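Here the structure is laid out as structure tokens; the discussion comes afterwards.
Number of protein chains: 2
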Amino acid sequence: MERAQVNFRSRVRLVDEVAEELRERIYAGDYPLGTKLHQEQLAEDLQISRTPLREALRVLESEGLLHSEPGRGVRVVPADINKVSAAYQLREVLDGLAARLAAESRDADARAALADSLIDQRAALDPWVAADYTRENVRFHLALIALSGNEYLAAEAPIVRMTSQVFTPFALVEPQYAQRAVAQHERIIEAVIAGDGPTAERLARAHIRSTMERIASRQSSGQAQARA
Amino acid sequence: MERAQVNFRSRVRLVDEVAEELRERIYAGDYPLGTKLHQEQLAEDLQISRTPLREALRVLESEGLLHSEPGRGVRVVPADINKVSAAYQLREVLDGLAARLAAESRDADARAALADSLIDQRAALDPWVAADYTRENVRFHLALIALSGNEYLAAEAPIVRMTSQVFTPFALVEPQYAQRAVAQHERIIEAVIAGDGPTAERLARAHIRSTMERIASRQSSGQAQARA
DNA sequence: AGTTCGGATTTTGTATCCGAACATACTGGA
DNA sequence: TCCAGTATGTTCGGATACAAAATCCGAACT
């Protein structure tokens, strides 16, 4: 009986699997920014033909992860500081919306479960492991989006992962900043659990804004260093 | 010389043309919500093979315009009131961001040009032509997004067109409401031209919120009528 | 009469194939 | 020696071909 449930309406398309696999690889940094992706070679690697691969590439392109120059292939989106700040400008309002809707969610249990996330976040702080923190940070923001229950907002997940995972070279998280971020997360979670939408939105926006500002200042100081 | 410029690095891909054509058809209401799209027949209609067509379908799927059930084809996204309000929740913050960034745009001339849009908007009001109003309304909101200069926000254009054009059956614009909407647009434009970002954002959000509320109330009264 | 089973047909999903554009290496000339 | 032009191989984009699943339809059975 339950066995049948498993197979119910779940024929998998290669496109979806391939798109997901490539997404994860890019998020994981397997292909550095600007890397050219070779269709034949990728297809060989994934043990599939180029047809479903190309469909997946178009999907990732429309998600903004890949950039294609007609006739000469596709490459991982080349990031610069302008792109990064544009992406964060969008994230400010997206995360604000997610926090507000999450706070207004009827599922009080799910809201309370957000607090568990803090445990994992703090664990990544104590013996500082940048990769662990990045992972938990993304998880937290995605959890907020999931809790919002808004499917169109959920479709924006790629931007969250892009800013936090793909644009990592620009973010360069450091322990003291991560600590501050986790503290901000904590206050957002409190507002969400309290069901205070407006406060949750305001705090979430301020949180992203402070991340933006840190990146902007780090970037300009980095520029200065590069020139020195 | 200019002639050469035209072809410069602009080999067109069928995928892009087809995606654009299908997008416009869906926006225009050629395929009612929930319509199943027949691949072979569509390819025949567009005079192309199924390969580029399928890539275009995947793109539109990832934009949220199409919904596909693996193995049994793809159909125009079936809308219901929940989807519509979720989409408008997102639009509230997107339009708010667009207005704020537009107001902060350095291109004062481009900001001033927004005022011209009002002329066309009012023209659609006087002898009331719903289709004209919808078109000008979409144009206005897209212009704001374009003016924002944020590429990631620009990538959200499909949601704007989806809410205003695809979900039309739910919107059902009426002249007296359109008139109020244009008045709101006018105030947003004033704030943008004045370079007052926060006010522009607040007004734009309020504008979308009022649209949401109108749709929600219309929907519930419609339900009541249907039951009566 | 309604329902269910089985086969034919359609339609989707994947693989293979082909032509054309792009990149690159080479040759010849200044 | 350096540059232009040409030739050659590679890679992309699109069309065709094939396999498997889903739908449709009719006949047989309850």
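Protein chains in written order, with the numbering used here: chain U, 1 to 228; chain B, 229 to 456.
Glycine included, every Cβ here is placed at the ideal spot set by N, Cα and C.
Being a predicted model, the structure only gives us computed values, none of them experimental.
4 or more residues per run - each alpha helix (DSSP H) lying fully within the region 19 to 63 of chain U | Uninterrupted alpha helix (DSSP H) stretches at least 4 residues long and entirely within the region 19 to 63 of chain U occur at 39 to 46, 50 to 62, given in chain order.
Separation of ALA86 (chain U) from PHE140 (chain U), as counted between CA atoms = By 1-based counting over the first sequence, the position of residue 140 (chain U) is 140. By 1-based counting over the first sequence, the position of residue 86 (chain U) is 86. Rounded to whole angstroms, PHE140 (chain U) to ALA86 (chain U) spans 22 Å at the Cα level.
So, is the C-beta of GLN89 (chain U) closer than 8 Å to a C-beta in chain B?
-> What you label residue 89 (chain U) is simply residue 89 of the first sequence in a count that begins at 1. Yes - at least one Cβ of chain B is within 8 Å of the one on GLN89 (chain U).
Tell me VAL129 (chain U)'s beta-bridge partners as DSSP assigns them.
-> In the first sequence, counting from the first residue as 1, residue 129 (chain U) sits at position 129. Per DSSP, VAL129 (chain U) has no beta bridge partner at all.
Three-state class that DSSP yields for VAL243 (chain B) in the structure shown = As a first step, residue 243 (chain B) must be located in the second sequence, where it is residue number 15. Three-state DSSP puts VAL243 (chain B) in a helix.
Can at least three beta-carbon pairs, one atom from the region 412 to 431 of chain B and one from the region 322 to 332 of chain B, be found at a separation below 8 Å?
-> Contact holds: three or more Cβ-Cβ distances are below 8 Å.
ARG75 (chain U) in three-state terms, based on DSSP | Position 75 of the first sequence holds residue 75 (chain U). The three-state reading of DSSP puts ARG75 (chain U) in strand, counting E and B together.
Short check: CB of LEU274 (chain B) to CB of VAL240 (chain B), under 8 Å?
-> Taking the second sequence and counting its residues from 1, one reaches residue 274 (chain B) at position 46. Taking the second sequence and counting its residues from 1, one reaches residue 240 (chain B) at position 12. With a cutoff of 8 Å on beta-carbon distance, LEU274 (chain B) and VAL240 (chain B) are scored as not near each other.
What residues from chain B crowd round SER217 (chain U), counting only those whose CB sits closer than 8 Å?
-> For the purposes of this step, residue 217 (chain U) is identified with residue 217 of the first sequence, where counting begins at 1. Correct list: empty, because the minimum Cβ distance to chain B is about 19 Å.
Give the range of the alpha helix (DSSP H) segment to which SER313 (chain B) is assigned.
-> For this step, residue 313 (chain B) is matched to residue 85 along the second sequence. Element bounds for SER313 (chain B): 309 to 331.
Taking only beta-carbon positions, decide if TYR27 (chain U) is within less than 8 Å of chain B.
-> The residue given as residue 27 (chain U) occupies position 27 in the first sequence. So, not an interface residue.
Which residues mark the beginning and the end of the alpha helix (DSSP H) in which LEU294 (chain B) is found?
-> Your numbering for residue 294 (chain B) matches position 66 in the second sequence. Counted as a single uninterrupted DSSP element, the stretch harbouring LEU294 (chain B) is not any alpha helix (DSSP H) but the beta strand (DSSP E) occupying residues 294 to 296.
Closest residue to VAL173 (chain U) among U:LEU144, U:LEU125, U:TYR152, U:ARG54 (Cα-Cα distance) | As a working mapping, residue 173 (chain U) is identified with position 173 in the first sequence. Just measuring C-alpha positions, the residue of U:LEU144, U:LEU125, U:TYR152, U:ARG54 sitting nearest VAL173 (chain U) is U:LEU125.
Mapping DSSP to helix, strand and coil, what is ALA200 (chain U)?
-> Residue 200 (chain U) sits at position 200 when you count from the first residue of the first sequence. Annotated three-state conformation of ALA200 (chain U) is helix, per DSSP.
Beta-carbon separation of GLY96 (chain U) and VAL321 (chain B) under 8 Å?
-> The sequence position of residue 96 (chain U) within the first sequence is 96, counting from 1. The sequence position of residue 321 (chain B) within the second sequence is 93, counting from 1. Pairing GLY96 (chain U) with VAL321 (chain B) gives a Cβ-Cβ distance under 8 Å.
At a Cβ threshold of 8 Å, is GLY64 (chain U) touching chain B?
-> As a position in the first sequence, residue 64 (chain U) is number 64, starting the count at 1. Yes, its Cβ sits closer than 8 Å to a Cβ of chain B.
Length of the line joining the Cα atoms of LEU57 (chain U) and TYR405 (chain B) = Within the first sequence, numbered from 1, the residue matching residue 57 (chain U) stands at position 57. Within the second sequence, numbered from 1, the residue matching residue 405 (chain B) stands at position 177. Distance from the CA atom of LEU57 (chain U) to the CA atom of TYR405 (chain B), rounded to whole angstroms, is 43 Å.
Coil, strand or helix - ASN150 (chain U) by DSSP | Here residue 150 (chain U) refers to the residue found at position 150 of the first sequence. Correct three-state label for ASN150 (chain U): coil.
So the alpha helix (DSSP H) PHE170 (chain U) belongs to, where does it begin and stop?
-> The sequence position of residue 170 (chain U) within the first sequence is 170, counting from 1. Unbroken alpha helix (DSSP H) run through PHE170 (chain U): 168 to 171.
Check whether the region 146 to 158 of chain U touches the region 300 to 320 of chain B, taking contact to mean three or more Cβ pairs, one atom from each stretch, closer than 8 Å.
-> In short, these stretches touch, since the Cβ pair count reaches three.
Three-way DSSP call (helix, strand, coil) for ILE208 (chain U) in this model | For the purposes of this step, residue 208 (chain U) is taken as residue 208 along the first sequence, with counting starting at 1. DSSP, read as helix, strand or coil, puts ILE208 (chain U) in helix.
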